[in-house]
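To start, the structure itself, in structure tokens.
Residue numbers (my numbering): 535 to 700.
Shown next as structure tokens:
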């Protein structure tokens with residue numbers, strides 16, 4: 535007769551199989567998570583647009599400050615206008631340094647046109663064009679006219695003078 539073979543149900547633990555099953559479960563869970571989260575993330579694409587707009591604001595501001603530093607003070611008017619522009623940009627830099635992380639969409643939308651104008655002002659000053667014109671006060675003509683009037687009036691004798699006054 536043939537020998538009877540006995541099979542045992544006492545399997546040894548197979549750690550490789552357990553690890554493979556665990557990785558499979560993690561992959562399925564992460565794929566499900568991505569499948570659910572991508573549409574939510576795409577709906578929030580405005581978050582990227584807001585950050586890009588804020589970045590453009592800061593880059594335009596940095597360009598305006600750099601251009602302001604490069605302005606050559608060829609005349610007193612340009613020097614004074616450069617000083618005014620640099621003071622304005624310095625005050626705005628302090629504000630942006632403190633609040634750049636907290637800027638809302640409305641803040642960025644309100645600030646961007648002003649920063650763009652400041653950048654255009656800096657570019658114009660760098661090109662040597664000024665916004666104001668120097669008007670020198672020449673009071674010589676006015677004073678000479680007054681003196682001539684006074685001279686003419688003192689040369690004319692006064693009829694109301696009495697004999698003792700003459």
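Glycine included, each C-beta is placed from N, C-alpha and C at the ideal position.
Going by C-alpha to C-alpha distance, which of 617, 612 and 607 sits closest to residue 665? The residue labelled residue 665 in the question sits at position 131 within the chain shown. When each option's Cα is compared against that of residue 665, the closest is 612.
Alpha-carbon spacing of residue 572 relative to residue 635, whole angstroms: The residue labelled residue 572 in the question sits at position 38 within the chain shown. The residue labelled residue 635 in the question sits at position 101 within the chain shown. Each residue's Cα considered, the two are about 26 Å apart.
Residue 615: buried (16+ other C-beta within 10 angstroms of its C-beta) or exposed? For the purposes of this step, residue 615 is taken as residue 81 along the chain shown, with counting starting at 1. Residue 615 comes out buried.
State the start and end residues of the unbroken alpha helix (DSSP H) segment that holds residue 569. Working through the chain shown from its first residue, we reach residue 569 at position 35. It spans 549 to 577 - the alpha helix (DSSP H) in which residue 569 sits, taken as one unbroken run.
Counting Cβ pairs closer than 8 Å, one from the stretch 559 to 573 and one from the stretch 618 to 632, do we hit at least three? no
Once DSSP output is grouped into helix, strand and coil, what is the label at residue 623? As a working note, residue 623 is residue 89 in the chain shown. If DSSP states are grouped into helix, strand and coil, residue 623 belongs with the helices.
Determine the DSSP secondary structure at residue 606, reduced to helix, strand or coil. Numbered from 1 along the chain shown, position 72 holds the residue referred to as residue 606. Note: residue 606 maps to coil in three-state DSSP.
Short Cβ contact (9 Å threshold) for residue 591 with residue 619: Stepping through the chain shown from its first residue, residue 591 is reached at position 57. Stepping through the chain shown from its first residue, residue 619 is reached at position 85. No, they are not a contact pair.
Using the beta-carbon count (16 or more within 10 Å), is residue 575 buried or exposed? Looking up residue 575 in the chain shown gives position 41. Residue 575 is exposed by the Cβ-count criterion.
Of the residues 584, 599 and 645, the one placed nearest residue 656, counting alpha carbons only: Numbered from 1 along the chain shown, position 122 holds the residue referred to as residue 656. In this structure, 599 is the residue among 584, 599 and 645 with its C-alpha nearest to the C-alpha of residue 656.
Do the CB positions of residue 649 and residue 584 come within less than 9 Å of each other? Counted from its first residue, the chain shown places residue 649 at position 115. Counted from its first residue, the chain shown places residue 584 at position 50. Not closer than 9 Å, so no.
Decide if residue 588 is buried, meaning its Cβ has at least 16 other Cβ atoms within 10 Å, or exposed. Your numbering for residue 588 matches position 54 in the chain shown. Answer is buried; the Cβ neighbour count reaches 16.
Do you know whose CA, among 647, 596 and 609, lies nearest residue 628's CA? Within the chain shown, residue 628 is the residue found at index 94, counting from 1. Nearest C-alpha to residue 628: 596.
Local conformation of residue 638 per DSSP, three classes: What you label residue 638 is simply residue 104 of the chain shown in a count that begins at 1. Coil at residue 638, not helix or strand.
Cutting at 7 Å between CB atoms, please list the residues of its own chain near residue 645, excluding the five before and the five after it. The residue you call residue 645 lines up with position 111 of the chain shown. Excluding positions up to five away in sequence, the list reads 591.
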